[in-house]
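Remarks on the structure that follows.
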């Protein structure tokens with residue numbers, strides 16, 4: 001594809017891992033902005049719900065971006081493979097913040113209410129399942145675990161497709177009325193996932 | 001009801017009023033947008049005077065009032081009420097207004113009148129939320145009360161808050177306030193009040209009858225299908241990392257005054 005990565009690494013002296021860490025830290029900016037604005041009282045009368053919703057949206061956005069990397073490479077020839085891991089970890093980070101605000105700040109770790117929520121309310125069940133998928137994927141994203149898992153790493157990380165579908169449903173049914181944005185995101189998930197159904201570089205042969 | 005101040009009429013009232021800033025910057029008024037900051041941000045074009053309120057239907061003396069005439073005729077009392085939103089948050093709001101019952105008595109309901117239907121304004125050119133397509137509520141927003149609920153002295157038509165003319169985002173120039181019911185019953189920017197003999201359509205109830213009942217009485221024992229109603233977040237008392245909560249009271253604390261209206265009814269079924 002492009003010989004960009006080698007030459008630019010030599011130019012600015014950053015190893016790929018360092019660049020991944022920098023990208024990750026850079027995109028913690030929305031978190032830092034919200035936190036600062038919230039502490040300064042600039043997020044309106046209910047800063048906790050503002051953060052809850054904002055972090056949830058960022059989680060889905062980063063999940064979407066991470067799913068776009070492979071089709072971009074295969075069908076557009078744009079190789080951003082280096083950014084896939086930090087994007088996935090950002091999705092996990094924002095999902096964890098989203099859940100922290102719900103469980104701790106809003107529900108005060110009220111186990112009775114939380115148990116009812118995750119056993120009776122479909123929209124919260126979809127959300128929890130998404131997180132339960134993202135958690136092991138985040139934990140197995142280090143070089144060591146990738147090596148240790150060997151050929152099992154790839155099928156394990158394909159679970160992210162399920163996470164994207166569950167997250168889309170969670171977002172679509174979270175509101176009192178239908179909102180446009182969740183449906184746009186769900187459509188993008190469908191598009192990015194359907195690229196995976198197209199087989200690479202094979203022309204069907206006539207028998 | 002909890003101990004606290006006594007309001008103008010002698011009803012038990014919740015204590016700490018929410019700040020005017022919070023009351024006017026955290027609103028559900030989908031005619032302007034679905035975000036709680038939308039009504040304040042997007043209501044700048046809304047014109048609430050001159051304004052006419054038509055009162056008709058099964059009454060002996062139907063009448064159309066100009067809003068200022070209405071305020072002159074029925075006066076303005078102070079009512080400090082807790083507003084409990086169906087989304088499980090609450091505020092304490094010092095309303096100014098008059099009893100709906102006084103207005104209804106002035107038009108003399110006929111004996112067959114059993115319900116009161118309310119209609120809100122449709123002005124897509126001034127209300128950006130009404131320009132949305134199939135994704136939102138349908139307009140006009142409508143609501144309804146049983147006649148005995150409408151005649152209850154706690155039920156008011158509010159024309160102001162904190163002694164100020166009603167801000168656009170809170171339902172200018174006149175809105176319904178029924179303190180023992182979820183906030184969505186409090187239809188805003190009312191243009192028409194019609195007495196009928198059958199249960200009128202109520203916007204949220206029509207859109208999702210399993211989630212929003214016609215009665216919509218505040219009840220900690222009946223959950224919304226997607227969240228618990230057992231407690232509520234007190235807007236304006238928390239911070240970024242701490243939300244103030246309190247247990248929700250049956251009929252929002254007004255059980256003593258209103259439970260008689262629902263004698264013999266199954267509140268789980270008629271929620």
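Residue numbers (the numbering used here), protein chains in the order written: chain A, 1 to 207; chain B, 1 to 271. Ideal placement from N, C-alpha and C gives every residue a C-beta, glycine not left out.
For residue 80/B, the uninterrupted beta strand (DSSP E) segment begins and ends at 77 to 85. Taking CB atoms only, residue 181/B has no neighbour in chain A less than 9 Å away. For residue 175/A, the closest Cβ of chain B is nearer than 9 Å.
Taking the Cα positions, residue 47/B is about 37 Å away from residue 35/A.
Chain-order list of chain A residues neighbouring residue 230/B: 113, by C-beta distance under 8 Å. Taking CB atoms only, residue 233/B has a neighbour in chain A less than 9 Å away.
Sequence-distant partners of residue 186/A (beyond 5 residues in either direction) whose C-beta falls short of 7 Å from its own C-beta, in its chain, are 168, 172. The beta-carbon distance between residue 92/A and residue 29/A, rounded to whole angstroms, is 17 Å. This is too long to meet the 8 Å contact definition. Judged by DSSP in its simplified three-state form, residue 73/A adopts helix. Assignment of beta-bridge partners to residue 199/A by DSSP yields no partner.
Residue 154/B carries a coil assignment under DSSP once its states are collapsed to helix, strand and coil.
Put simply, the backbone Cα of residue 21/A is about 21 Å away from that of residue 78/A. Within the segment 46 to 58 of chain A, those residues whose Cβ lies closer than 9 Å to any Cβ of chain B are, in chain order, 46, 47, 48, 49, 50, 51.
DSSP, read as helix, strand or coil, puts residue 146/B in strand. Think of a sphere of 9 Å around the beta carbon of residue 106/A: the chain B residues whose beta carbon falls inside it are 233, 243, 245, in chain order.
Legend: CB atoms of the segment 12 to 37 of chain B lying less than 9 Å from CB atoms of chain A belong to residues 18, 19, 21, 22, 23, 25, 26, 28, 30, 34, 36, 37. DSSP places residue 54/B within a strand segment (E or B) once states are collapsed to three. Not flagged as an interface residue toward chain B: residue 61/A, since no C-beta distance is shorter than 9 Å. Note that the C-beta distance between residue 156/B and residue 95/B is below 9 Å. Interface annotation, residue 180/A: in contact with chain B, CB-CB separation under 9 Å. Within chain A, 177 have C-beta atoms less than 7 Å from the C-beta of residue 136/B, given in sequence order. Under the Cβ criterion of 9 Å, residue 240/B is counted among the residues facing chain A. Contacts between residue 44/A and chain B, judged by CB atoms closer than 9 Å, involve 22, 25, 26, 36, 37 in chain order. The bridge partners DSSP lists for residue 109/B are 59/B. For residue 119/A, the secondary structure class from DSSP, reduced to helix, strand or coil, is helix. Here residue 47/A is buried. Its C-beta has 16 or more other C-beta atoms within 10 Å. Note that the segment 89 to 107 of chain B touches the segment 232 to 252 of chain B; at least 3 beta-carbon pairs, one per stretch, sit closer than 8 Å. Put simply, the CB of residue 39/A is near chain B, with a gap under 9 Å to one of its CB atoms. By the rule that beta-carbons nearer than 9 Å mark a contact, residue 186/B does not touch chain A. Residue 245/B places its beta carbon 9 Å or farther from that of residue 257/B.
The contact set of residue 236/B on chain A, defined by CB atoms closer than 7 Å, consists of 45 in chain order.
Chain B has no Cβ within less than 9 Å of the Cβ of residue 126/A.
Across the set 75/B, 86/B, 197/B, the C-alpha of 86/B shows the shortest separation from the C-alpha of residue 205/B. By the criterion of a C-beta distance shorter than 8 Å, residue 111/B is surrounded by no residue of its chain, once the five residues flanking it on both sides are discounted. Taking the beta carbon of residue 84/B as reference, no residue of chain A falls within 8 Å; the closest one sits roughly 15 Å away. Using a Cβ-Cβ cut-off of 9 Å, residue 127/B does not count as an interface residue toward chain A, since no Cβ of chain A sits closer than that to its own.
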